[in-house]
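Structure first, commentary second.
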Amino acid sequence: RILAFLALAAMLLVSCTSGPQETPPTGALQAIDAYNIKLPPGGQILLHDGDRVLFLGSMIQRKAAREAVLFDTVQKSQVWRSQLPGSAIKGIALPEKDYILIAAQDKGEAHLLRLDEMTGEIAWDVVFGSEALDAIWNPADAALWVSDGSSLWRIDPDNGDTLATLGTKLSENAHPGSVILAPAFGDPRTIFLASDHVLQMLSLTGGQLTSHWRFSSAKFIAALQPVHFDNGSEGVIALAHSHAYFVDPRGKLLWHIKNQDINYAPIALPNADAAQMVVFGNFVKGIYLVDAAGMKWRAALPGGNVHILGIPTPIPRNILLGGVMVTPSTEPALPGYWLAVRSLDNLFAYHLALTGDLTLIAETPIAPQDEQGTIVEKGNMNPNYPPFQMDDGLAVTYSEGIRLFTLTPEGDR
65 RILAFLALAA
75 MLLVSCTSGP
85 QETPPTGALQ
95 AIDAYNIKLP
105 PGGQILLHDG
115 DRVLFLGSMI
125 QRKAAREAVL
135 FDTVQKSQVW
145 RSQLPGSAIK
155 GIALPEKDYI
165 LIAAQDKGEA
175 HLLRLDEMTG
185 EIAWDVVFGS
195 EALDAIWNPA
205 DAALWVSDGS
215 SLWRIDPDNG
225 DTLATLGTKL
235 SENAHPGSVI
245 LAPAFGDPRT
255 IFLASDHVLQ
265 MLSLTGGQLT
275 SHWRFSSAKF
285 IAALQPVHFD
295 NGSEGVIALA
305 HSHAYFVDPR
315 GKLLWHIKNQ
325 DINYAPIALP
335 NADAAQMVVF
345 GNFVKGIYLV
355 DAAGMKWRAA
365 LPGGNVHILG
375 IPTPIPRNIL
385 LGGVMVTPST
395 EPALPGYWLA
405 VRSLDNLFAY
415 HLALTGDLTL
425 IAETPIAPQD
435 EQGTIVEKGN
445 MNPNYPPFQM
455 DDGLAVTYSE
465 GIRLFTLTPE
475 GDR
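And the structure:
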């Protein structure tokens, strides 16, 4: 993965200079508060649930981040800290406010468990014999649909019991390395299932599970985003290592983007039911914007590439490891969206116009002073969560906890 790729460069880094610089920012990000809280090391996955944020595990390493922390954004304090049997790679907020987590282990097991929303205590824990596991909440069933890539089950959220086995032998690989579930549009009994590099659409009719088609990606699939574009085109965007695809409901490939490293975190704008465009991130390449026709543009994070002994490398100085948060703009003069993007060390604020034009507004270091350690050490041990909204500001995690920033566009200063 990306951190292993960067390890040699991080150790050899003797002298660095920046590559070409972007247009100077036209606004300001100002730190206004900080909250000390110990967060899971290397964490990248969070669940924003109303006034609470549940900090979970990591997409990269699963040995250190074996706890979940619930933070109250109104009280500005930790609600509870729960020790887990593995690194939490998925979180679901149930309608009755408890949480369902998937905690993966390195020894080939995954735990599906329920956490009490008030105390963080584990109400039940079911062990699956596969490290790759995913789950979605199906409101039509009032149940969890869970898959290890090979089988699909209905699970009772109250006690973890298996209500039904909906399908078996869904994949030739009995122990895939990656499993992603996503609900399809319209019928809650139709889903997309990605197991390693194979994507299929499944539907349950009269108790019988049917696979309508299978699509093969060149590499493992890391994220799915079902989307209905405002021009009528619909399907699922599948983000894989080095590849991004848009596949229609009949299994036909509509477009394909080839790049490098892991594509992840797709966000449909303004929503998945009537999207104008979709934003997603790539660890090395930065931000991508796509629509029904394909890629509109790619924007690398500012800072240029790392230079070693004066020689440029393909390694960007700012890696998009933390993710992206998107909020609608309420500025009459700036219709569109605000994008808050974090790298290991910096926070960037962009304005995305309704035309698709992207403008860098401001940037700032996340921590009050330089974080210590190599790229690999900071990636493995610092809490590298995506930005989230708190009060009227942008909250960003760092080694000591959470810092709160406000964004002031140039016209408001």
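For what it's worth, the numbering used here labels the leading residue of the sequence shown as 65, then goes sequentially. Think of the CB as a built atom: it goes at the ideal place given N, C-alpha and C, for glycine as much as any other residue.
Using the three-state DSSP reduction, which class does residue i fall into: helix, strand or coil?
i    : result
N444 : helix
S463 : coil
I109 : coil
V348 : coil
S211 : strand
A92  : strand
K360 : strand
I219 : strand
G315 : coil
R130 : coil
T394 : coil
I375 : strand
H382 : The question names His, yet the displayed sequence has Asn at residue 382. Looking at N382 - three-state DSSP - the assignment turns out to be coil, as it is neither helix nor strand.
Q340 : coil
L365 : coil
V138 : coil
P334 : coil
P104 : coil
Could you give the distance in angstroms between the alpha-carbon of residue i and the alpha-carbon of residue j?
i    : j    : result
N346 : G386 : 10 angstroms
T226 : I219 : 5 angstroms
L273 : A302 : 22 angstroms
I425 : S407 : 16 angstroms
S306 : E427 : 27 angstroms
S281 : F256 : 14 angstroms
M265 : S211 : 13 angstroms
A129 : N295 : 42 angstroms
G358 : Q139 : 43 angstroms
D434 : D409 : 8 angstroms
S393 : V117 : 22 angstroms
M341 : G315 : 21 angstroms
D136 : L111 : 12 angstroms
D97  : W319 : 44 angstroms
D189 : T232 : 22 angstroms
T419 : K442 : 36 angstroms
K283 : M123 : 17 angstroms
V133 : Q436 : 24 angstroms
L471 : L458 : 8 angstroms
T423 : S235 : 43 angstroms
I439 : P376 : 17 angstroms
N369 : R381 : 5 angstroms
P149 : L165 : 11 angstroms
V262 : E131 : 31 angstroms
Y163 : A431 : 30 angstroms
F293 : N223 : 38 angstroms
When you compare each of the options to residue i by their alpha carbons, which one comes out closest?
i    : options                : result
D478 : W217, I321, Y352, N100 : The chain is shown only over 65 to 477; residue 478 falls outside these bounds and no answer can be derived.
Q169 : A187, E195, K161       : E195
F187 : W201, G193, S215, Q147 : Correcting the residue type first, residue 187 is Ala in the shown sequence and not Phe. Minimum Cα distance to A187 is reached at Q147.
I244 : S463, D260, R253       : D260
L333 : A363, M359, L365, V291 : V291
E298 : P451, G443, F310, L120 : F310
P252 : E173, S267, S463, L93  : S267
H276 : D312, Y414, Q289, S242 : D312
E160 : I153, E173, W201, G172 : W201
P378 : V390, A329, P473, N323 : N323
H175 : F192, D162, Y163       : F192
G106 : N446, A413, D162       : N446
L317 : N327, V300, K360, P451 : V300
L230 : G271, G213, H239       : G271
D455 : R467, N444, Y462, S463 : R467
I101 : F119, I109, P366, G114 : F119
Y449 : I156, A417, Y414, A404 : A404
P104 : N223, A248, S151       : S151
P240 : D205, F249, S214       : S214
A304 : P399, I285, Q108       : I285
Can you tell me whether residue i is buried or exposed? The criterion is at least 16 other CB atoms within 10 Å of its CB, across all chains shown.
i    : result
P221 : buried
E395 : exposed
M182 : exposed
E185 : exposed
L177 : buried
G374 : exposed
D198 : buried
K171 : exposed
W209 : buried
Q85  : Its pLDDT being 39, under 50, Q85 is placed unreliably in this model, and the coordinates cannot settle the point.
S242 : buried
W361 : exposed
Runs of alpha helix (DSSP H) wholly within the region 401-449 (minimum 4 residues, chain order): 439-445
Suppose only complete runs of 3+ residues qualify. What are the beta strand (DSSP E) ranges in the region 141-207, listed by chain order? 141-147, 151-157, 163-168, 174-179, 186-192, 198-202
Residue ranges of each beta strand (DSSP E) run of no fewer than 3 residues wholly in the region 235-292, ordered along the chain? You should have 243-247, 254-259, 262-269, 272-280, 285-292.
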